[in-house]
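Chemist: Just so we're aligned, residue -15 is where the sequence shown starts under our numbering, counting upward by one.
For each residue, glycine too, the CB sits at the ideal point set by N, CA and C.
Bear in mind that the values here come from a model prediction, so they are computed numbers and not experimental data.
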Amino acid sequence: NSAEKNPTILEVARYLATRRSFLHLATGGGLTAFVGYGLVTWAPTFFVRSYDMSLTEAGFWLGLVLGIPGGVGIVAGGWLSDRFGAKDTRWYLWVVTVALLVAVPCSAAAFMVDVWWLSLLLLSFPIMLGNFYQGTTFAQVQGLAPVRMRAVAAAVLLFVLNFIGFVFGPPAVGFLSDMLVGTFNADALRYSLFAWGFVNLWAAFHYWRAGYYLADDLARVGSK
């Protein structure tokens, strides 16, 4: 009905807040962005400080790692979610849970090795796996919202991801690094980034819970 009034942003937000899968999905996605933006912002400084690289060198190599493995992760995450989710709806989001769990040790190892190329190689895995969430997260939000709410629902999700990721991620890494200076001196940033990847365990929990509720919430809007 073209004459039907479009729901307001507040009405869409209230609707989404009644879907437990969305609450967990948005929290998990926000935490994943929190980790990702924090790491990406401070990784160049880490490579300059720890491996005596120039900013040009650090930017070039990190650009390759972010662009290629990151892009592969977006596509692979969507494909795997579709493949496993077709058999069991929960796996649309549980694929992300597994990816984030695997990313944790890779991220930790990446910041503890002595040579730059090995650090970059190890870092490519959490960057790839950390991007698994993007395609399926937005896809499931589209399924959770009625047609007339879908554009605003996607915008609400994007706001949550960017707010948690951009506003809190980079400053928090810097704050933790400052707190660790007294203990680790010049290696404070290294240990800050080492610890940072463990936040993905928290994100993985929320994606697991979101998957648990997903089928019921999709059925409520006839989108299963």
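(1) Would you call the CB atoms of L15 and A187 closer than 8 Å?
(2) By the 10 Å Cβ neighbour count, where 16 or more other Cβ atoms means buried, how is P130 classified, buried or exposed?
(3) Alpha helix (DSSP H) containing S65: first to last residue?
(4) Taking 8 Å as the threshold, find out whether the stretch 50 to 57 comes into contact with the stretch 69 to 80 through three or more Cβ pairs.
(5) Do N146 and G61 count as a contact pair if the criterion is CB distance below 8 Å?
(6) Using C-beta distances below 7 Å, list every residue in its chain close to G20, excluding the 5 sequence neighbours before and after it, in chain order.
(7) Answer with buried or exposed for V151, where buried requires no fewer than 16 other C-beta atoms within 10 angstroms of its C-beta.
(8) Give every residue of the same chain whose Cβ lies closer than 6 Å to the Cβ of T11, excluding the five residues on either side of it in the sequence, and list them in chain order.
(9) Taking the straight line between their C-alpha atoms, what separation do you get for M96 and T(-8)?
(10) Would you kindly work out how many angstroms separate the C-alpha atoms of T120 and L77, rounded to a whole number?
(11) Would DSSP call R204 helix, strand or coil?
Modeler: Working from what's here:
(1) yes
(2) exposed
(3) 39 to 69
(4) no
(5) no
(6) G114, G149
(7) exposed
(8) H190
(9) 49 Å
(10) 7 Å
(11) helix
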